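Okay, so here's the structure we're looking at.
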Amino acid sequence: MTTGAYLLLSIGAILSLGGWVMLTVLGFKKSIGWGLAILFLSWLIIPLVIFLTKYWAEAKTGFLLLVVGTVVSGIGWFAVVGSVATSAMAEFETFELTPTEVPVEEPIAAPAEDEPPPTVIEGEPATAVAEEAATDLPLEVSSPTPVVALPTPAGAVLGERVEWEQLIDPAHLSAHVGELIELRMRDGSLLRVTLDGVEPDALRVTQRVGGGALSYPVRRSQIAEIHVAR
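For what it's worth, this note's numbering labels the leading residue of the sequence shown as 4, then goes sequentially.
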């Protein structure tokens with residue numbers, strides 16, 4: 004079907020061109036003015052109509068060829084468009100390209116907390132509240148464990164208050180292995196942990212959480228100050 008459509012389009016174009024050439028040659032035979040008018044102004048229709056009216060007996064062959072070629076070209080053009088549209092529809096049916104409905108997932112509402120968060124009593128440090136909250140969490144943590152992110156909330160679970168003093172020289176940190184230390188981090192958090200070992204770029208510590216313990220390294224670049232128990 005596509006080949007026939009292109010063939011019609013080609014035949015129509017040839018016939019139209021032949022008719023237009025015949026009219027142009029006839030116009031130049033009559034006069035240069037008519038030849039130029041048909042060559043450059045035939046698209047205005049009016050000069051062509053006047054020429055056909057005046058010289059119809061000689062111009063009818065070229066005009067009929069022009070009309071027939073235009074009609075055949077139009078039929079060929081519509082045939083090409085229809086063939087392309089039919090091929091496209093056939094491809095859609097072959098691959099079964101049908102729109103599918105995408106299910107929309109509704110967000111699941113978070114369950115409401117049964118217990119209110121612990122309140123901070125005036126005069127009591129925030130770390131004590133964090134220690135109390137961590138005590139109520141029944142966590143089962145095995146030690147040693149792989150490297151994990153720093154726990155939140157941070158802070159060791161101890162039942163006694165400790166007075167701290169800043170360790171000015173980190174070179175003396177090895178003398179406090181096995182003791183409780185306080186790490187004040189650059190992000191503002193606070194860790195109370197037991198120092199297990201000192202490495203060039205990290206400290207390996209153990210933190211008591213609930214009824215268990217959690218061991219992990221802390222990079223020195225994350226630590227702002229180190230405090231030791233007096």
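Where a beta carbon is used, it is the ideal one built from N, C-alpha and C, also for glycine. Because the structure is a prediction, the values reported are computed rather than measured.
When the five nearest sequence neighbours on each side are left out, the beta carbons in the same chain lying within less than 6 Å of the beta carbon of T5 are those of S86, in order along the chain. Beta-bridge partners assigned by DSSP to P220: R207. Per DSSP, the unbroken beta strand (DSSP E) holding I229 starts and ends at 226-232.
The beta carbon of V74 lies closer than 8 Å to those of G15 in the same chain, with the five residues before and after it left out. Straight-line spacing of the CA atoms in I41 and V83 works out to 30 Å.
When DSSP states are grouped into helix, strand and coil, I184 belongs to the strand group. Taken atom to atom, the span from the alpha-carbon of A232 to that of D204 is near 23 Å. The alpha carbon of K32 has as its nearest neighbour, out of A62, L10, L12, the alpha carbon of A62.
Taken through DSSP and simplified to helix, strand or coil, V196 comes out as strand. When the beta-carbon positions are compared, G65 and G22 come within less than 8 Å of each other. Going by beta carbons, Y58 and L39 fall outside the 8 Å limit.
Proximity to L206 across R223, M92, I53, P173 peaks at R223, based on C-alpha coordinates.
Sequence-distant Cβ neighbours of L26 in its own chain, meaning closer than 8 Å and more than five residues away, are I41, S45, L51, F54, A62, G65, F66, L69.
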